[in-house]
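Peer 1:
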Amino acid sequence: MSSPVINDQECIEDLINAELVTYTQANGVKEFTITNKGTILMETLDGYFLKAKKKTNIQLMGKSFLDKIESYRDVFPAGKLPSGKPARNNVKALSESFRWFFETYDYTWDEIMAATKMYVNEYRENNYLYMQTSQYFVAKQDKHKVKTSTLADYCDMIRDGVQTEQEHFTEKVV
Numbered sequence: 002m003s004s005p006v007i008n009d010q011e012c013i014e015d016l017i018n019a020e021l022v023t024y025t026q027a028n029g030v031k032e033f034t035i036t037n038k039g040t041i042l043m044e045t046l047d048g049y050f051l052k053a054k055k056k057t058n059i060q061l062m063g064k065s066f067l068d069k070i071e072s073y074r075d076v077f078p079a080g081k082l083p084s085g086k087p088a089r090n091n092v093k094a095l096s097e098s099f100r101w102f103f104e105t106y107d108y109t110w111d112e113i114m115a116a117t118k119m120y121v122n123e124y125r126e127n128n129y130l131y132m133q134t135s136q137y138f139v140a141k142q143d144k145h146k147v148k149t150s151t152l153a154d155y156c157d158m159i160r161d162g163v164q165t166e167q168e169h170f171t172e173k174v175v
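Position one of the sequence shown corresponds to residue 2 (the numbering used here), numbered consecutively onward.
1. Taking just the CA atoms, how far does residue 48 sit from residue 15?
2. What did DSSP end up calling residue 177 once you bin it into helix, strand or coil?
3. Just checking, does the stretch 53-61 make contact with the stretch 109-118 on the three C-beta pairs under 8 angstroms criterion?
4. Answer with buried or exposed for residue 132, where buried requires no fewer than 16 other C-beta atoms within 10 angstroms of its C-beta.
5. Where does the unbroken beta strand (DSSP E) through residue 94 begin, and where does it stop?
6. Assuming residue 23 and residue 40 are in contact, meaning their beta carbons sit under 8 angstroms apart, how far apart are those beta carbons, in whole angstroms?
7. Nearest to residue 97 by CA position, among 117, 155, 31, 141, is which residue?
8. For residue 19, does the three-state DSSP call read helix, strand or coil?
9. According to DSSP, what are the bridge partners of residue 26?
10. Using the rule of at least 16 other Cβ atoms within 10 Å of the residue's Cβ for burial, across every protein chain shown, is residue 62 buried or exposed?
11. Please state the DSSP three-state secondary structure of residue 57.
Written out as structure tokens, the structure reads:
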């Protein structure tokens, strides 16, 4: 297998015609200079090969993110839900879920806390029947590996100014 023959002069002419380099000659010395357009192209191409740096938890969630996660966790009832699962998940599991949440959505901690309180209050009257755990409320992955967030839906409701209404109907025992 042989390598293709490259004509240097043709390549140089192509670069000049594309306005990627300029060419000057003084005192018998050839000088090529990369233009702004050429520099931008090189930076763009370099960007394709650089591995993106992963943001730290502090960059994503703020300096006091562990305190915020702890406050979030405390909104959920202590003990088990009627499903038998603990309502409060551990902080490590929650921080991983919140990392995904902050990479995906642009909500603030204030919106998150308001949405969480709204959610928990809705389930309080029925002894938390069918309520999600603190981790599943942030992020839940289905069997197709697609992550969804009920928290994001509630944050949207907070942004839209939706207030949860009291029950319209009550059960009357005769």
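Positions of the beta carbon are idealized from the N, C-alpha and C atoms, including for glycine.
Peer 2: According to the structure data:
1. Sequence index remark: in the sequence shown, residue 15 carries index 14 (1-based). Sequence index remark: in the sequence shown, residue 48 carries index 47 (1-based). Residue 15 and residue 48: Cα-Cα distance of roughly 23 angstroms.
2. Missing from the structure shown is residue 177; the chain here goes from 2 to 175 and no further.
3. no
4. Counted from its first residue, the sequence shown places residue 132 at position 131. By the 10 Å Cβ count, residue 132 comes out buried.
5. The sequence position of residue 94 within the sequence shown is 93, counting from 1. From DSSP, residue 94 is part of no beta strand (DSSP E) but of the alpha helix (DSSP H) over 92-105.
6. The residue given as residue 23 occupies position 22 in the sequence shown. The residue given as residue 40 occupies position 39 in the sequence shown. 12 angstroms between Cβ atoms; not a contact.
7. Translated into the one-based positions of the sequence shown, residue 97 becomes position 96. Here the closest residue by C-alpha is 141.
8. Along the sequence shown, read from residue 1 onward, the residue named residue 19 stands at position 18. Residue 19 falls in the coil class under three-state DSSP.
9. Residue 26 sits at position 25 when you count from the first residue of the sequence shown. Answer is 31, bridged to residue 26.
10. The sequence position of residue 62 within the sequence shown is 61, counting from 1. The residue is buried, with at least 16 neighbouring Cβ atoms inside 10 Å.
11. Counting from 1 along the sequence shown, the entry for residue 57 is found at position 56. Coil.
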